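Peer 1:
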Amino acid sequence: LDDRVTLVINSGRGIGAKVVVNYTHSEALTLNVVTNIKELGSDAVAPRADVRNVAKTTKLMDEAVARF
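Using the working numbering, the letters of the sequence shown correspond one by one to residues 54 to 121.
1. Quick check: the Cα distance between Ala-102 and Thr-83, rounded to an integer number of angstroms?
2. For Ala-97, is the classification buried or exposed, using 16 other Cβ atoms within 10 angstroms of its Cβ as the cut-off for buried?
3. State the Cα-Cα distance for the pair Lys-91 and Glu-116, rounded to the nearest angstrom.
4. Do the CB positions of Arg-143 and Val-87 come within less than 9 Å of each other?
5. In chain order, what residues of the same chain have a beta carbon less than 6 Å from the beta carbon of Lys-109, not counting five sequence neighbours either side?
Now the structure itself:
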């Protein structure tokens, strides 16, 4: 997964590489996933967006591209 970014939607478990974890319900669980990913030496962020909304999804993707 070198030089790859993954967008994870509504995930409660951690995976590696550079990760954008989107959430709609549990901020605490999501931030735990981000912490675990960072502890493993990768990078992660957790912006919140309702992916049913095109404008919010576009903003989420723009933030991911800008970050990674």
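Built from N, CA and C at the ideal position, the CB exists for glycine as well.
Note that this is a predicted model, so its numbers are computed, not measured.
Peer 2: Let's see:
1. 13 Å
2. buried
3. 18 Å
4. Summary: the structure shown does not reach residue 143, with the chain confined to residues 54 through 121, and so no result is reported for it.
5. Ala-102 and Asp-103
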